[in-house]
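For what it's worth, our numbering labels the leading residue of the first sequence as 343, then goes sequentially.
Using N, Cα and C, we set each Cβ at its ideal position, and we do this for glycine too.
Please read these numbers as outputs of a predicted model, since none were measured by experiment.
Just below is one structure, and these are the notes that go with it.
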Amino acid sequence: MISRPGQGRMKARKSMRYDYKKIEPKWQKVWEDGKVFRAVDGSDKPKFYGLVEFPYPSGAGMHVGHIKAYSSLEVVSRKRRMEGYNVLFPIGFDAYGLPTENYAIKTNTHPRIITDQNISKFTNQLKKVGFAFDWDRVIDTTEEDFYRWTQWIFLKLFDHGLVYRDKAWVNYCPSCKVVLSNEDSQGGKCDICHSDVIQKSKDVWYLKITEYADKLLEGLETVDYPENIKQQQINWIGKSTGAFVNFSIKGVDEKLEIYTTRPDTLFGVTFMVIAPEHPMIDKYADRIANMDAIEAYRKECAKKTEFERTQLVKDKTGVKIDGFTAVNPVNGKEIPVFIADYVMMGYGTGAIMAVPGHDQRDYDFAKEFGIDIIEVIKGGNMDECAYTGDGEMVNSDYLNGYTNKKDSIARMIEELEKQGIGRAGVQYKMKDWAFNRQRYWGEPIPIVHCPHCGDVGVPYEELPLKLPKVENFEPGQDGESPLAGIESFVNCSCPKCGRPAKRETDTMPQWAGSSWYYLRYIDPKNTESLCDRDKMNYWMPVDWYNGGMEHVTRHMIYSRFWHHFLYDIGVVNTAEPYAKRSAQGLILGPDGDKMSKSKGNVIDPLDIVEEYGADTLRTYVLFMGDYGAATPWNDRATKGCKRFLERVAGMTDMLTEDKASPAMETRFHQTIKKVSQDIENMKFNTAIAALMALVNDIYDAGAVNKEDFQTFIRLLCPFAPHLCEELWEMTGGEGLCSLASWPIYDEAKTVESTIEIGVQVNGKMRGTITIPRDCSKEEAIAAAMEIPTVKKSTDGKKIIKEIYVPNKIVNIVAK
RNA sequence: GCAGUCUUGGCGGAAUUGGCAUACGCGCUAGACUAAGGAUCUAGUCCGGGCUUACUGGGUGUGGGUUCAAGUCCCACAGACUGCACCA
């Protein structure tokens, strides 16, 4: 070890050397003026398309969470560029949305103005952190030349029969006055304002995403997503296989169709239940004797939010329909029909066959209403609860004796089809995508309602259908869109017949623009198509997409659906848009709670940039913990990262022309390997730890070869690029550090010639030996036996076994 | 209820995938430099015993198992988080 340079001198120099307030703006200007991070079209180089979820430009500005979300691919992209790739790392703004509109209403300012202000605020923040985005490709989903193509895709979907309009029970938010998709109303709460969602009958535009359910499932097998993300998408799509069965209704010429995953339990059916909204009730209202009671029950259900409906898991309620009964098609038995709110209109056919012996909900209901319970699968106790396990089929005629569920289901479906009373079928939990919103700040839906021709698409050449400028953005009465009040917009002529017609006044949901934005980055200024085909062939698919776990089901499934559709109609060149997906963990407040304005624990990234510098911020958000895990913010630890960067700057006092020692050379090669691999595996925390450890070793050595120092600078550059540019320039590096080559390691030089390994006796550590790498067992055992403590603990004992795992461990088993 | 992830010092977290548990950082303790330190540097820091040297016992949520060897694999239990949820 060499003694350290004089401390006083170091102190003075260091503060001068690491003047982040001077360094950071300097290099940001160099990068921007030189368009250093521009993606090049028509390059011969291999490409890398790194995508981060573009932000919603809220008035609050950025959050450290945004910084963490972008930092991963920022580092990967910078590394790729240094490795010689042509990199596309773009950013844009997903700017349509309710918060802006609500703020506009509150402040009586046009959402356009607010959006522009917020975008410039975000842009300023992003630039101050030094992200290597290609600023020539910024997109904004609310701009005409962008949403023109969002509308274009909608029209293509419409032309291909994937858009339909229906009166439906929808999730409706009385506070936002808007129809919500199931995705936007989870838990019965509005995703935007968190108030209770109610059920309302409305005109709804649907996109037939269910038609793509199987393709979305199959596509998952071709992409590199983490297992938990795949699983979430699989659960969301919720495919189940089973059968549709028709039950005839006594006295009327009507079949009641149900869906079941266990058709083999048909002999155990003792009643049926239909959803309160089931159309059959109104159809036969005149034959139902207790219509009053049924109406009363329906009213009660409508009052309940979906959340309340799903909360009452235990107590089953319902009303027996007094007017018709059903017939079990396999045994001719007459069974009662109930309405009950534990059956949902939105899944299957809105009607079920109830098998109380083998479904807990049906069991609870049967107990409540005193209905027979028949055992058809052996193994449970019908007096206690429903038996949902496997077992031998009983009381089931031709199914008796079957013990395998697969076989009995197959046999039953065969019978159903033979007798013409049912068929095999599949169901999805995922429902069609409710696509309209009664709001101003969104893409107008390009449809004209003609009294003669019906719903007609706006001609493609008339796109964009511009969002008109209005004075008043408040939703109209009964949740009508603000656009409904603008006569000049509403009244038009039918594109087909030319006669007077009216425009659709609803707008698209926020998910529309984000469903295809990644394509526009490839060719943001194109006026002829949404993206040039050659450019697409070069850049697509997105190589790596990072974002939040909260977008894994909604945004990602919607955009995969659109992309699959565009692929089917020949617009894009790949079936799947994203080859690889990763997700960052949350940054929690210093108190360990989720950051929120109301808790007052939000960290503003610009405060950190001001106090510690952008490089410290960037390094800390990646160093703070496992990238995928939620980690609390720690201001002290932030300071630790700054200390590290100061020590890096301080190394310029130790530069020498002397060659590094063999040991130090090994350390460098090890670090290059470690950092390179860790970045690929998103283990940024250990990559930074490895850099810190190397700095510690260099400080211990007291000197560092100048070229080695430049190697170090290049490794650190993706994390702390401003400082590294400065040190690169200071040490006479050619060009920009950001464009320098990524260091390459020599595998042979990553290993020491002699290594220290542990020695155990009976599995207990007794010491270590230093031996040549890959040395023989004899040599290692002999060295191990020389250790006094090993001698002592084996003394007088018989050595039964000597285990030597080369370069790992010696274990001596003695008795 | 179903599915998935997880539980390691005072704290955030490492552990090349079965081979020296606690790397790196924070904090803390002592010291140095200071007029001063919430700056910087040095040494120490899993818990306990020990002539504080040598050495030694215990230790990765709990209990068991496999193995020469378990934070890592298997079984059971407890707890935390995330997503879905009367999905027929």
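Taking the Cβ atom as the reference point for each residue, do residue i and residue j lie within a distance shorter than 8 Å?
i	j	result
K877	D865	yes
D957	A1062	yes
G584	T612	no
V832	T849	no
T483	Y438	yes
V372	I433	no
K808	E486	yes
Y689	R703	no
D436	F464	no
F680	V615	yes
L930	T973	yes
Only counting the same chain, and skipping five residues up and downstream in sequence, which positions put a Cβ closer than 7 Å to that of residue i?
i	result
D383	K877
G799	L497, F500, D501, P788 and I789
G469	Correcting the residue type first, residue 469 is Lys in the shown sequence and not Gly. For K469, where only same-chain residues beyond five positions count, the Cβ hits under 7 Å are Q370.
K1119	Y1146
E1144	I1123 and I1154
Q574	V894 and T895
Using the three-state DSSP reduction, which class does residue i fall into: helix, strand or coil?
i	result
T659	coil
T973	strand
K941	coil
A776	strand
L928	coil
V406	helix
I344	Residue placement at I344 is poorly supported in this model, since its pLDDT is 29, which falls under 50; the coordinates are not used for a value here.
M724	coil
R765	strand
I1154	strand
V1103	strand
E1007	helix
Q702	helix
L654	Low confidence applies to L654: its pLDDT is 48, below 50, so where it sits in the model is not reliable, and the reading given next is rough at best. In the structure shown, L654 sits in coil (DSSP, three-state: anything other than H, G, I, E or B).
G584	strand
E846	coil
C983	helix
Check each candidate in the options and name the one with the smallest Cα separation from residue i.
i	options	result
G340	Y740, C727, F903 and E717	Since the first residue of the chain shown is 343 and the last is 1157, residue 340 is not available in this structure.
E619	T484, N888, A644 and H405	A644
E560	R902, G970 and L1065	R902
G767	L741, P678, Y601 and N915	Y601
R1115	A921, Y1146 and G712	Y1146
N1149	D478, I1111 and C727	I1111
I763	A1122, K771 and M754	M754
Y770	V963, V520, K550 and F711	K550
K625	F609, P605, N513 and V594	V594
E1049	V546, I715, H1064 and M993	M993
D706	C727, M686 and F777	C727
I713	P678, M695 and A682	P678
M546	R779, I447 and K748	Checking the displayed sequence, the identity of residue 546 turns out to be Val instead of Met. It is R779.
K592	Y782, G912, E676 and I1030	E676
L1159	S835, C834 and N814	Past the edges of the chain, shown from 343 to 1157, lies residue 1159, and the structure says nothing about it.
With a threshold of 8 Å on Cβ separation, who are the neighbours of residue i within its own chain once the five nearest residues in sequence on each side are excluded?
i	result
G721	Y729, G731, D732, G733 and E734
P441	Y398, S400, G401 and I534
N915	R875, M878, N879, M882 and Y909
D1088	H1011
E1022	V418
Assuming the contact rule is C-beta atoms closer than 8 Å, residue i and residue j should be a hit. Round their C-beta distance to whole Å, please.
i	j	result
Q493	E892	Contact flag wrong, Cβ pair sits at about 27 Å.
E988	Y567	Their Cβ separation, rounded to whole angstroms, is 39 Å, which puts E988 and Y567 out of contact at 8 Å.
I1154	V1103	5 Å
A854	G890	Incorrect: roughly 19 Å between the Cβ atoms, too far for contact.
S1083	E1067	Not really, about 15 Å apart at Cβ, beyond 8 Å.
K387	Y427	6 Å
G927	D968	7 Å
G955	E366	6 Å
Going by beta carbon distance, what residues of the same chain come within less than 6 Å of residue i, once the five residues before and after it are set aside?
i	result
P1060	V417, R420 and K421
T607	V697, H700 and V718
W491	L872
Closer than 7 Å: is that where the CB of residue i sits relative to any heavy atom of the ligand NAP?
i	result
V1037	In the structure on display, the ligand NAP does not appear, and there are no ligands present to speak of.
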